[in-house]
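J.: Each residue of the sequence shown is one higher than the last, beginning at 15 in the working numbering.
C-beta atoms are modelled at their ideal positions from N, C-alpha and C, and glycine is treated no differently.
Remember, predicted model here, so these are calculated numbers, not experimental data.
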Amino acid sequence: MYGDDSFDPYIHYIINTTRKHNKDNISRTKAYQNFYIENPEIKWAFLASMVSRNAGWNMTDLQLQPFKKILGKKERDQLFMTYERANWLIFSDAFPQLLVYNLSKQAEKPLFYLLKKFHVSSFMIEQWMLFWERQERDKLMIALIINEQNVIQGPVVKQTYFQYHVFNQLPYIMQNFLRLNAVLFPTSSSEVYGSYVHGFTNISKRIGLGVRLANILYSPKVYDKSLYFAKTQEHTGSRRDYESYLPAHYPYAPMLRVLYPVIKHQDNIRQDWWKTGGIPSKWWQTPKETSLEDMKKTYYRKRDLLFGYYYMKYAIKPDW
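1) Using the rule of at least 16 other Cβ atoms within 10 Å of the residue's Cβ for burial, across every protein chain shown, is Arg67 buried or exposed?
2) Would you mind reading off the limits of the alpha helix (DSSP H) that contains Leu112?
3) For Tyr266 and Leu128, what's the separation of their Cα atoms in angstroms?
4) Alpha carbon to alpha carbon, what distance is there between Asn39 and Leu270?
5) Quick one: grab the DSSP three-state call for Gly213.
6) Between Arg148 and Glu55, is the Cβ-Cβ spacing less than 7 Å?
7) Could you please give me the residues that DSSP links to Phe243 through a beta bridge?
8) Within 10 angstroms of the Cβ of Asp18, are there 16 or more other Cβ atoms? Answer buried if so, exposed if not.
9) Per DSSP, which one or two residues make a beta bridge with Val197?
10) Enumerated in chain order, which unbroken segments of the alpha helix (DSSP H) with a length of 4 residues or greater are wholly contained in the stretch 29-79?
11) Tell whether a beta-carbon distance below 7 Å holds between Ser136 and Trp288.
12) Asp308 lies in the alpha helix (DSSP H); which residues open and close that run?
13) Assign Leu61 to buried or exposed, taking buried as 16 or more other Cβ atoms, counted over all protein chains shown, within 10 Å of its Cβ.
14) Any idea if Tyr256 is buried or exposed, counting beta-carbon neighbours within 10 angstroms, 16 or more meaning buried?
15) Less than 7 Å separating the beta-carbons of Ala196 and Tyr314?
16) Inspect the beta-carbon positions of Leu227 and Ser209 and report whether they are closer than 7 Å.
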């Protein structure tokens, strides 16, 4: 993918460092978080680390008994690969950008021309240059949200395999209709904030969700609590990471690395989505005021229904 430029010290460093941290959901989450702690002006990195935690929890959920009974192994494997592929692709595009920014800080001059070697969109190269000059943190964060959702649009959301095996199948349709999936920002108390995921296949809704989640995470009511949680709670991929702080306890999935091997991905050269698509003005708009209510009651009411259905079914038919 990188041609003959990998001997360049900068390119070699970026390739090797990105590969090192792009092994699985655990390593990606830690890399985003560690970068943010060293570079808190790049607000997207903390958001990415918290969303990545949720991807890990969704992956291990698939190995809980209710999911294993309701979904076949093939369906669960396909859902896992959807999370994994999107997680991997975003990291492979975004982390070189973060590394180039870090190198630019060290060199005290912009090195964003390097991003062309990694097929980063011309949109983001321009946005990094603007950030270097103006230091508009929120604008860069929204730009990264827009960019990364475009990065996964073709290879995951519109890809024939995932369209046929995941997004057009009943489990995804029902999950989307009932809004069973959510991105959660836990705290080291019993408070849980976040937002439900709805209309994942619609890029405008995904971008709107990303900006809404950023507003929640960086609100004064949530930020310090979530950052403290992230710094003190090691990410294992199991919901036990935060459910141990809740008053009610649920069956825990094992840690992610116990359940899943490292997946080897093929990274084809990406097309520059900016040259073929452009940006609707609504993608830049900040969302309306977002509710900051503790959402664990509504989220776990739905989760209770899922587990309740499983236990009722098991009681009636133990060999189910």
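T.: On the basis of the coordinates in this document:
1) buried
2) 87-121
3) 43 Å
4) 8 Å
5) coil
6) no
7) The partner list for Phe243 (beta bridge, DSSP) is empty, contrary to what the question assumes.
8) Confidence at Asp18 is low in this model, with a pLDDT of 48, below 50, so its placement is unreliable and no value can be given for it.
9) Ser209
10) 39-52, 57-75
11) yes
12) Segment: none, Asp308 is in no alpha helix (DSSP H) and carries neither H nor E.
13) buried
14) buried
15) no
16) yes
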